[in-house]
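Novice: The listed protein sequences correspond, in order, to chains A and B. Residue numbers for the first sequence follow this note's numbering, so the first one is 1 and each next one is one higher. Residue numbers for the second sequence follow this note's numbering, so the first one is 1 and each next one is one higher. The beta carbon of each residue, even a glycine, is placed where N, CA and C say it ideally should be. These numbers come from a predicted model, not from an experiment.
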Amino acid sequence: MFGYHLRLGLKSLRRNPVLTALMIGAIGLGIGVCLTTLNVYSLVSGNPLAARDDVVYAVQMDGWDPNEGWDKDRPTLAPYELTFRDAQAVFESDIPDRKVIMRKGAFVLGSADEKSEAKPYIAVARLTTPDFFSMFAVPFKYGAGWDAEGERNAEPVIVLSEEANQKIFGGGNSVGKTVKLDDKEYKVLGVLAYWNPVPKFYDLNNGSLDDPEAVFIPYSRGELLEVVSAGNTNCWKPETIDSFREFLNSECVWIQSWVELRTPAKVEAFKSFLDGYVAEQKKLGRFPRPLNNKLSKVSEWLQLNQVVEKDNSVLLGISFMFLAVCLLNTVGLLLAKFSGKVAVVSLHRALGASRKLIFRQHLVEVSLIGVAGGLLGIGLGYLLLLALRQLYNSYEAVTRLDWSVGLMALGIALIAGILAGLYPTWRICRVEPAPYLKTQ
Amino acid sequence: MEIRPIISALLRNRTGAILVALQIAITLAVVTNALFIINQRLEKIGRPSGMDTDNILWVQSYGYRPDYNHRVTIDEDLALIRATPGVVAASAIRGIPLSGGGSSTSYKVSPEKSSPDVPGNYYEGDEQALDALGVKLVAGRRFSKDIIRYEDKPSSKMVPEIIVTRDMAKALFNTDEVVGKQVYDNLGQSATVVGVIDRMLGAWVDWDKLSQVVFHPLVESGPFVRYAVRAQPGRRDALIAELEKKLTESNPTRVISWVRPHDYYIERSYKPDRRMAVLLTVAIGLLVTMTTLGIVGLASFTVNARVKQIGTRRAVGARKVDILRYFMVENWILTTAGLAAGCILAYVLSYWLSTAYSLPMLKLSYLLIAVPCMWILGQLAVLVPARRGAAVAPAVATRTV
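1) Hey, quick one: how far does the beta strand (DSSP E) through residue 227 of chain B stretch, first residue to last?
2) Thinking C-beta only, is residue 307 of chain B closer than 8 Å to residue 384 of chain B?
3) Three Cβ pairs or more, each shorter than 8 Å: is that satisfied between the region 88-100 of chain B and the region 257-277 of chain B?
4) Smallest Cα separation from residue 184 of chain B: which of B/117, B/240, B/211?
5) Cutting at 7 Å between CB atoms, please list the residues of its own chain near residue 425 of chain A, excluding the five before and the five after it.
6) Taking just the CA atoms, how far does residue 250 of chain B sit from residue 235 of chain A?
7) Using C-beta distances below 7 Å, list every residue in its chain close to residue 64 of chain B, excluding the 5 sequence neighbours before and after it, in chain order.
8) Whose C-beta lies closer than 6 Å to the C-beta of residue 227 of chain A among residues of the same chain, with five residues either side of it excluded?
9) Would you mind giving the Cβ-Cβ distance between residue 130 of chain A and residue 147 of chain A, rounded to the nearest angstrom? I have them listed as a contact below 8 Å.
10) Does the distance from the CB of residue 377 of chain A to the CB of residue 413 of chain A come in under 8 Å?
11) What residues from chain A crowd round residue 357 of chain B, counting only those whose CB sits closer than 7 Å?
12) So with Cβ pairs under 8 Å, would you call residue 329 of chain A a contact of chain B?
13) Show which residues of chain A have a CB atom less than 7 Å away from the CB atom of residue 27 of chain B.
14) Taking 8 Å as the CB-CB limit, is residue 36 of chain B close to chain A?
15) Kindly provide the ranges of any beta strand (DSSP E) runs that are 3 or more residues long and lie completely inside the region 288-364 of chain B, ordered along the chain.
16) Measure the Cβ-Cβ separation of residue 23 of chain B and residue 325 of chain A and say whether it is below 8 Å.
17) Relative to chain A, which residues along the region 274-300 of chain B have a C-beta separation below 7 Å, given in chain order?
18) So which of A/165, A/369, A/329 has the shortest CA-CA distance to residue 16 of chain B?
19) If you follow the alpha helix (DSSP H) that residue 165 of chain A is in, where does it begin and where does it stop?
20) What distance in whole Å lies between the Cβ atoms of residue 134 of chain B and residue 230 of chain B, which are believed to be in contact at a cut-off of 8 Å?
21) If I'm right that residue 91 of chain B touches residue 129 of chain B with Cβ under 8 Å, what's the distance once you round it to whole angstroms?
22) With DSSP as the reference, please indicate the residues paired to residue 57 of chain A in a beta bridge.
23) Only counting the same chain, and skipping five residues up and downstream in sequence, which positions put a Cβ closer than 6 Å to that of residue 323 of chain A?
24) Based on Cα-Cα distance, which residue from B/318, B/312, B/334, B/372 lies nearest to residue 396 of chain B?
25) Leaving out the 5 sequence neighbours to the left and right, which residues in its chain are closer than 6 Å to residue 411 of chain A when beta-carbon positions are compared?
26) Let me see if you follow: with CB-CB separation under 8 Å, is residue 322 of chain A close to chain B or not?
27) If you compare alpha carbons, which of B/62, B/212, B/206 is closest to residue 197 of chain B?
28) Contact between the region 170-190 of chain B and the region 136-143 of chain B is defined here as three or more beta-carbon pairs at a separation below 8 Å; is this criterion met?
29) Residue 14 of chain B: buried (16+ other C-beta within 10 angstroms of its C-beta) or exposed?
30) With DSSP as the reference, label residue 310 of chain A as helix, strand or coil.
31) Quick check on residue 95 of chain B: buried or exposed, where buried means 16 or more other Cβ atoms within 10 Å of its Cβ?
32) Where do the N-terminal and C-terminal ends of the alpha helix (DSSP H) with residue 278 of chain A fall, by residue?
33) Pick helix, strand or coil for residue 244 of chain A, following the three-state DSSP scheme.
34) Can you find a CB in chain A that lies within less than 8 Å of the CB of residue 82 of chain B?
35) Taking only the alpha-carbon atoms, compute the straight-line gap between residue 286 of chain A and residue 72 of chain A and give it to the nearest angstrom.
36) What ranges does the beta strand (DSSP E) occupy inside the region 119-169 of chain A, keeping only unbroken runs of at least 3 residues that lie completely in it?
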């Protein structure tokens with residue numbers, strides 16, 4: 001029976017090609033636009049570490065200015081970063097299963113081989129403690145990161161991103177080779193596979209669409225070599241800072257800190273550890289604000305950082321209003337089309353077709369329009385995403401077509417098509433055949 | 001006029017009419033609000049920067065070899081750049097205005113801790129800093145060469161003199177006659193204001209204190225240094241290539257990371273705003289097209305459905321223009337109903353947007369312009385099907401009876 005409905009539906013659609021094209025076009029356009037904004041929205045608001053969301057936490061402590069909070073519009077918000085000293089305290093706690101303190105620094109990255117043709121270039125490095133790779137599920141192509149001892153000894157070891165490995169060594173397994181950061185040689189311990197989490201959840205301070213760093217080296221190298229920060233540094237306290245040492249001891253916040261806590265008991269234990277630490281520091285005259293420590297899961301962290309720009313929400317809203325207009329349009333067109341079919345339907349009814357049958361017949365027809373519109377929408381959405389590349393700085397990240405969003409769009413299109421068709425279909429089923437047959 | 005019969009005909013065939021009115025309502029609401037946002041973004045992008053940004057280029061150098069000498073490199077580089085034909089002025093300035101990266105600190109008018117903090121976006125540069133950026137000095141003087149402090153390492157020591165923008169002067173002292181006055185940093189160290197700049201925008205385009213800018217006579221410690229170079233009109237692009245080559249060859253103890261026009265940064269900073277403006281324009285275009293098609297569709301449908309009725313009217317004496325007018329008036333009533341609903345919807349949407357962006361509500365003038373435009377659009381859309389209706393011959397009325 002479905003095959004019969006399908007055949008009749010296709011026939012009916014072919015009878016009025018302009019109208020059919022208009023309807024499919026309207027749904028397709030609406031879906032295409034929604035798909036595009038949904039795709040961007042889901043990418044910028046997505047959680048790249050969703051699989052570990054229940055165990056990984058960002059750490060915040062509020063040692064900011066007693067007179068004015070970190071964000072005057074959000075009084076309960078603590079700074080996003082920690083001071084060097086407080087980060088050290090987090091790292092020295094043995095409660096977390098894993099812990100990371102980290103920040104950025106800039107270097108000239110080049111090959112250690114004098115004859116290499118690779119030109120030295122300025123690269124941003126992440127200076128991090130070794131759990132970074134396992135905590136954030138960073139994929140390695142070759143080798144691995146450094147261990148606790150390498151960290152303790154501030155060893156000159158390095159992990160290259162896929163891109164840096166390509167630039168310096170032309171790709172391939174370069175584990176064991178050496179590269180130069182500024183004038184110091186580093187031994188390559190690992191090379192990452194392609195890794196570009198969007199948003200860049202682990203350090204949102206320089207933009208959520210920022211690229212990951214080119215290379216990774218032990219955090220302790222920063223203190224040893226007095227590497228200045230290449231990320232955000234925020235200070236509130238009037239204090240004299242005339243040396244790197246004084247900077248490390250200052251109230252400036254510039255270190256990102258994360259912990260992995262696998263059980264609720266550990267979460268509680270770590271919270272009370274933080275509270276105890278701050279209480280102790282308060283006795284020393286630090287942390288002038290009320291106690292305000294916070295542990296946030298990645299999903300909470302993204303919200304706290306207001307990763308989704310308001311523009312994205314507004315565009316999403318507008319595109320759904322556009323879809324509504326497209327659907328209203330389709331309903332109108334369907335009404336027009338079906339009203340032209342009244343005579344045929346009356347004939348079918350007179351020959352014994354039940355209302356249910358007529359209803360099903362027309363539902364199949366509108367579903368066809370929905371599916372065709374959805375497919376058209378996916379194609380259009382894809383083209384729109386390509387066009388969007390002109391408008392974004394880090395286009396690659398934002399304009400990847402997320403297939404789950406594509407499937408969702410197809411679903412929305414089908415539902416939209418059926419919804420749009422429901423009322424016209426219902427109307428045509430209610431036709432009383434007699435008056436129409438009479439005029440024939 | 002024939003309004004009553006038109007309304008009763010509309011009410012008889014409500015659904016189609018309501019559908020089109022709803023489309024018009026949504027379209028009006030979205031279009032007015034989108035235009036409002038677009039206008040704000042364009043104003044933001046187009047505001048004067050106070051600098052000669054079209055002719056400025058930036059050079060970044062990073063010393064990485066052990067034998068790198070920061071001070072010597074800067075002196076030699078600046079001498080080389082300034083001697084290059086086509087260069088108006090050049091200065092070592094770390095922060096790039098309108099780039100999204102920079103430094104700000106707070107200033108006070110008294111050393112007292114209780115004195116209010118006035119945030120300022122500060123730039124550190126040498127005696128040519130103002131000329132390299134092409135900002136206009138309206139009072140006082142530039143920094144003299146001998147007071148420029150070249151740092152070996154970062155320090156908290158305040159500079160002896162500063163130059164401020166007019167907006168900064170007003171934020172501090174409520175007046176722009178500030179030359180000779182003392183300004184304090186949050187450690188209580190003082191500096192004398194020696195000059196006032198007419199206008200200049202700082203680093204962050206979304207910051208409301210963007211125009212509060214302060215210059216310090218200082219060149220920061222290495223190994224990074226950036227030079228702002230102002231070229232004679234039309235010479236910038238040629239200079240970019242020339243300077244990159246010359247500077248790279250002149251000193252092997254550092255790398256020239258890049259030489260870029262200032263536009264590169266400005267464009268990047270305003271990209272989200274430009275993107276929003278473009279996308280909203282596209283949305284407006286799509287919505288208006290879709291709604292126009294909807295009006296045409298509905299009108300065609302009603303014309304088709306009423307062929308017999310039109311024939312009858314024509315047969316009993318209605319002229320073509322009467323038929324045409326019937327459909328035009330019908331559309332006008334429909335559009336007006338839609339627009340009335342649209343005005344309410346526009347303010348509902350505007351309320352949502354104003355809370356999302358913390359912006360003022362939609363200005364009435366947008367509706368006052370958009371409503372007549374939609375009326376005209378509706379009339380134009382209905383014209384084609386209406387003319388087809390008017391062309392129905394009176395004989396049709398008799399044919400199938």
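Specialist: Taking the structure as given:
1) As a working note, residue 227 of chain B is residue 227 in the second sequence. Its beta strand (DSSP E) spans residues 224-231.
2) In the second sequence, counting from the first residue as 1, residue 384 of chain B sits at position 384. In the second sequence, counting from the first residue as 1, residue 307 of chain B sits at position 307. Their beta carbons are not under 8 Å apart, which means residue 384 of chain B does not touch residue 307 of chain B by this criterion.
3) yes
4) Taking the second sequence and counting its residues from 1, the one referred to as residue 184 of chain B is at position 184. Ranking the options by Cα distance to residue 184 of chain B, first place goes to B/117.
5) For the purposes of this step, residue 425 of chain A is identified with residue 425 of the first sequence, where counting begins at 1. Only 359, 362, 363, 366 meet the Cβ criterion.
6) Counting from 1 along the first sequence, the entry for residue 235 of chain A is found at position 235. Counting from 1 along the second sequence, the entry for residue 250 of chain B is found at position 250. Taking the straight line from one Cα to the other gives about 38 Å.
7) Your numbering for residue 64 of chain B matches position 64 in the second sequence. Excluding positions up to five away in sequence, the list reads 223, 254, 255.
8) As a working mapping, residue 227 of chain A is identified with position 227 in the first sequence. Cβ within range, chain order: 105.
9) By 1-based counting over the first sequence, the position of residue 130 of chain A is 130. By 1-based counting over the first sequence, the position of residue 147 of chain A is 147. Indeed, because the Cβ distance is near 6 Å, the residues count as touching under 8 Å.
10) One-based indexing of the first sequence puts residue 377 of chain A at position 377. One-based indexing of the first sequence puts residue 413 of chain A at position 413. It is a contact, given that the beta carbons lie within the stated cut-off.
11) Here residue 357 of chain B refers to the residue found at position 357 of the second sequence. Ordered by position in chain A, the residues that pass the 7 Å Cβ test against residue 357 of chain B are 310.
12) Translated into positions along the first sequence, residue 329 of chain A becomes position 329. Residue 329 of chain A counts as touching chain B.
13) Taking the second sequence and counting its residues from 1, the one referred to as residue 27 of chain B is at position 27. Those are 325, listed as they occur along chain A.
14) Here residue 36 of chain B refers to the residue found at position 36 when the second sequence is read from its first residue. Taking 8 Å as the CB threshold, residue 36 of chain B stays off the interface with chain A.
15) Entirely contained in the region 288-364 of chain B, not one beta strand (DSSP E) run reaches 3 residues.
16) On the second sequence, position 23 is the one that residue 23 of chain B refers to. On the first sequence, position 325 is the one that residue 325 of chain A refers to. At the C-beta level, residue 23 of chain B and residue 325 of chain A come within 8 Å of one another.
17) 275, 276, 278, 279, 283, 286, 287, 290, 291, 293, 294, 297, 298
18) On the second sequence, residue 16 of chain B is found 16 positions in, with the first residue counted as 1. By alpha-carbon distance to residue 16 of chain B, the top candidate from A/165, A/369, A/329 is A/329.
19) As a first step, residue 165 of chain A must be located in the first sequence, where it is residue number 165. Residues 162-169.
20) In the second sequence, the residue the question calls residue 230 of chain B occupies position 230. In the second sequence, the residue the question calls residue 134 of chain B occupies position 134. That belief holds up - the Cβ atoms of residue 230 of chain B and residue 134 of chain B are roughly 6 Å apart, short of 8 Å.
21) Reading the second sequence from its first residue, position 91 is the one you call residue 91 of chain B. Reading the second sequence from its first residue, position 129 is the one you call residue 129 of chain B. Contact holds; Cβ gap of about 4 Å.
22) The sequence position of residue 57 of chain A within the first sequence is 57, counting from 1. In the DSSP output, where bridge partners are listed per residue, residue 57 of chain A has A/259, A/297.
23) Position 323 of the first sequence, counted from the first residue, corresponds to residue 323 of chain A. Closer than 6 Å at the Cβ level, and outside the excluded window around residue 323 of chain A, lie 30, 34.
24) For the purposes of this step, residue 396 of chain B is taken as the residue at position 396 of the second sequence. Check the Cα spacing between residue 396 of chain B and each of B/318, B/312, B/334, B/372: the tightest is with B/312.
25) Here residue 411 of chain A is taken as the residue at index 411 of the first sequence, counted from 1. Hits under 6 Å: none found.
26) Taking the first residue of the first sequence as position 1, residue 322 of chain A is located at position 322. Output row for residue 322 of chain A: interface = yes.
27) Locating residue 197 of chain B in the second sequence gives position 197, counting from the first residue. Out of B/62, B/212, B/206, B/212 has the C-alpha closest to the C-alpha of residue 197 of chain B.
28) yes
29) Mapped onto the second sequence, residue 14 of chain B falls at position 14. Burial call: exposed.
30) Position 310 of the first sequence, counted from the start, is the residue given in the question as residue 310 of chain A. Here residue 310 of chain A sits in helix by DSSP.
31) Residue numbering aside, residue 95 of chain B sits at position 95 when the second sequence is read from its first letter. Flag for residue 95 of chain B reads buried.
32) Position 278 of the first sequence, counting from 1, holds the residue named residue 278 of chain A. Per DSSP, residue 278 of chain A belongs to the alpha helix (DSSP H) from 264-283.
33) Numbered from its first residue, the first sequence carries residue 244 of chain A at position 244. Helix, per DSSP.
34) In the second sequence, the residue the question calls residue 82 of chain B occupies position 82. Cβ-Cβ to chain A under 8 Å: no for residue 82 of chain B.
35) Translated into the one-based positions of the first sequence, residue 286 of chain A becomes position 286. Translated into the one-based positions of the first sequence, residue 72 of chain A becomes position 72. In a straight line, the C-alpha of residue 286 of chain A is about 21 Å away from that of residue 72 of chain A.
36) 121-128, 140-143, 157-160
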